[in-house]
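Here is the structure we will look at.
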Amino acid sequence: MSTTKSLQGKVAIVTGAARGIGAAAAIELARAGAHVVVNDILPPDDTLKKITMVGGTGSAGVADVTDRAAVDQLVQSTKDTHGRIDLLVTNAAYSDRELFYKADLDGFQKTIDVCLWGPFNFVRAVANVMIEQGTGGAMVCISSPHAFKAIPGAMAYNMAKAATDQMARTAACELAEHRIRVNIVHPGWTDTPGERKFFHETELNARGSELPWGRLAKPEEIARGVLFLCEPGSEYINGATLPIDGGALLPHEQMFRVSGRPG
Ligand SMILES: NC(=O)C1=CN([C@@H]2O[C@H](COP(=O)(O)OP(=O)(O)OC[C@H]3O[C@@H](n4cnc5c(N)ncnc54)[C@H](O)[C@@H]3O)[C@@H](O)[C@H]2O)C=CC1
Ligand SMILES: O=C(O)C(=O)C[C@H](O)C(=O)CO
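Residues in the sequence shown are numbered consecutively from 2, following my numbering.
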């Protein structure tokens, strides 16, 4: 049996990876052999420790995704230090929840800056490195079902995620000739520190129990989809949107659910 790891020799950047889905994605890519630059505004020590525990390698890349100069500098220093960049996962997010007509517009603006301009800054900077390298690459943008659902109290987040999807799809078209793929992941409700900021455990469990799969996603389950889209075997998947949501998009009625559900 071959012991070669699917991402051996690759270099990845994962944004917002100090915790939650980003941390899980960074660990999964490192487990598959990539060296992962763990970006966040928080120190990503915990993620780096877990990367070491799975036998991988990583390094901290502290930068605010909204600061274009800092993003350019991190991307350039990754290239200078590790010689190349093959993979990018844009994941960092921020969200204020309030009715738009009452919203503090600073929070509204910050949500759009982090959730839309953050991914754009990284996709743009990394695309230039990948084009110059000439060896292709893969990018995954973590978006949300908010990109198409009109969820009240989250207008800025909804707008940013919808625009991020179109940013990713347009980039997928423009970069295809360079063999750089750009795909989108729509996680369903996932148990992360970010969600726990808005909902109590009982509320989260109630949301989970309404899903066909009967529970929330774990960050590691989203990370496995990210890994799949990063692997060379996914070469022909470009501009696609992968929902990882326990069947949340299926039309379903809770009352017809049978007992003995998995998970
Ligand atoms: N948890 C969920 O149910 C869902 C999450 N998502 C998306 O998945 C992604 C990850 O979500 P979670 O893990 O729940 O979030 P989280 O809030 O737990 O983690 C987000 C990370 O991004 C970092 N971050 C925030 N602003 C930043 C900035 N300006 N620069 C760099 N890093 C920054 C935070 O410090 C944090 O470590 C986000 O894009 C989110 O929109 C989408 C659908 C569902
Ligand atoms: O933060 C998010 O984005 C979400 O929580 C999206 C949920 O998965 C969802 O489907 C909301 O309806």
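Ideal placement from N, C-alpha and C gives every residue a C-beta, glycine not left out.
Pull up the distance between the alpha-carbon of residue i and that of residue j, whole angstroms please.
| i | j | result |
| --- | --- | --- |
| Asn184 | Ala169 | 7 Å |
| Tyr112 | Thr91 | This sequence places Thr at residue 112; Tyr is not what is there. Roughly 15 Å separates the two Cα atoms. |
| His201 | Arg69 | 35 Å |
| Ser145 | Thr4 | 34 Å |
| Asn40 | Ile28 | 13 Å |
| Gly195 | Ala218 | 13 Å |
| Arg32 | Leu49 | 12 Å |
| Ala224 | Lys51 | 14 Å |
| His253 | Gly209 | 14 Å |
| Ile152 | Thr82 | 42 Å |
| Val127 | Val15 | 12 Å |
Take residue i as the anchor and find which of the options has the nearest alpha-carbon.
| i | options | result |
| --- | --- | --- |
| Leu89 | Cys142, Ile22, Pro153 and Gln9 | Cys142 |
| Asp192 | Lys162, Ala25, Phe121 and Glu29 | Ala25 |
| Gly84 | Tyr158, Tyr237 and Gln134 | Gln134 |
| Arg197 | Glu236, Leu106, Gly21 and Leu243 | Gly21 |
| Gln77 | Ala13, Pro220, Trp190 and Val227 | Ala13 |
| Gly150 | Gly189, Phe121 and Tyr237 | At residue 150 the sequence reads Lys, which differs from the Gly that was named. Selected option, being the one with the closest Cα: Gly189. |
| Asp47 | Pro153, Thr82, Ala19 and Asp73 | Ala19 |
| Asp166 | Leu228, Pro252, Phe121 and Ala177 | Phe121 |
| Gly154 | Gln110, Leu250, Arg125 and Tyr102 | Tyr102 |
| Leu176 | Gly56, Ile132, Ala164 and Ala104 | Ile132 |
| Gln110 | Leu100, Asp73, Arg125 and Tyr158 | Tyr158 |
Give every residue of the same chain whose Cβ lies closer than 6 Å to the Cβ of residue i, excluding the five residues on either side of it in the sequence, and list them in chain order.
| i | result |
| --- | --- |
| Arg180 | Gly137 |
| Ala173 | Val183, Asn239 and Gly240 |
| Lys11 | Ala35, Asp87 and Leu88 |
| Gly119 | Val66, Thr67 and Ala93 |
| Thr58 | His36 |
| Gly108 | Asp97 |
| Leu75 | Gly62 and Ala64 |
| Ala148 | Lys162, Ala163 and Asp166 |
Please name the residue or residues paired with residue i in a DSSP beta bridge.
| i | result |
| --- | --- |
| Asn184 | Val141 |
| Ala172 | Paired residue(s): none; Ala172 is not in a bridge. |
| Pro244 | His187 |
| Leu89 | Ile14 and Met140 |
| Thr58 | His36 |
| Val66 | Per DSSP, none; premise fails for Val66. |
| Ala1 | One cannot answer for residue 1 here, as it falls past the ends of the chain, which runs 2 to 264. |
| Ala218 | Thr191 |
Looking only at its own chain, which residues have a Cβ that is under 7 Å from the Cβ of residue i, when we skip the five neighbours before and after it?
| i | result |
| --- | --- |
| Lys80 | Ile86 and Val130 |
| Gly264 | The pLDDT assigned to Gly264 is 48, lower than 50, so where the model puts this residue is not dependable; a value taken from the coordinates is nonetheless given after this. Hits under 7 Å: Trp214, Gly215 and Arg216. |
| Cys231 | Leu8, Leu30, Leu88, Ala139 and Val141 |
| Ser235 | Phe229 |
Pick helix, strand or coil for residue i, following the three-state DSSP scheme.
| i | result |
| --- | --- |
| Asn122 | helix |
| Thr79 | helix |
| Gly23 | helix |
| His36 | strand |
| Thr53 | helix |
| Asp97 | coil |
| Asp105 | coil |
| Asp114 | helix |
Within the same chain, show all residues whose beta-carbon is closer than 8 Å to that of residue i, passing over the 5 residues directly before and after it, in chain order.
| i | result |
| --- | --- |
| Asp246 | Pro146, His187, Pro188, Gly189, Trp190, Leu212 and Ala218 |
| Leu205 | Trp190, Asp192, Glu196, Arg197 and Leu217 |
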